[in-house]
């Protein structure tokens, strides 16, 4: 999807990150890049509006029921993979950090776009 206008951030990348944007899960700099793109690109803004409406509807209908963290992470990853495949883009890790805290491994992956993921 694209409006045909050049943007600093690619439409496919914005749509792949829209759920992270909605959930406030991206860093402030990347969030601002996404917001700027949405302000400039009608088709992406429309898609964002649909996703935002879906999130609101799900929150209202599912009333406070929370999925286990593992399920949430698997769903989030599946959605991201599908969106990336549909957008036909490649996301490459730019930095991977592994730490051990109290016997538990923590893996942090930062993509070249600034998206961040922890396990």
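Numbering (our numbering), first residue to last: 287 to 405. Ideal Cβ positions, reconstructed from N, Cα and C, are used throughout, including at glycine.
State the DSSP-derived secondary structure class of residue i, mapped to helix, strand or coil.
i	result
residue 313	coil
residue 296	coil
residue 330	helix
residue 323	helix
residue 302	helix
residue 352	coil
With 8 Å as the threshold, decide whether the Cβ of residue i is near any Cβ in chain C.
i	result
residue 322	Judged by its chain identifiers, the structure shown contains no chain C, having just a single protein chain.
Have a look at the options and flag the residue whose alpha-carbon is nearest the alpha-carbon of residue i.
i	options	result
residue 340	297, 308, 300	308
residue 368	338, 303, 322, 321	303
residue 301	310, 320, 313, 316	320
residue 296	312, 323, 347	323
residue 310	333, 298, 343, 338	338
residue 334	306, 363, 364	306
Evaluate contact between the stretch 322-337 and the stretch 352-367, counting only Cβ atoms and requiring at least three cross-stretch pairs below 8 Å.
no
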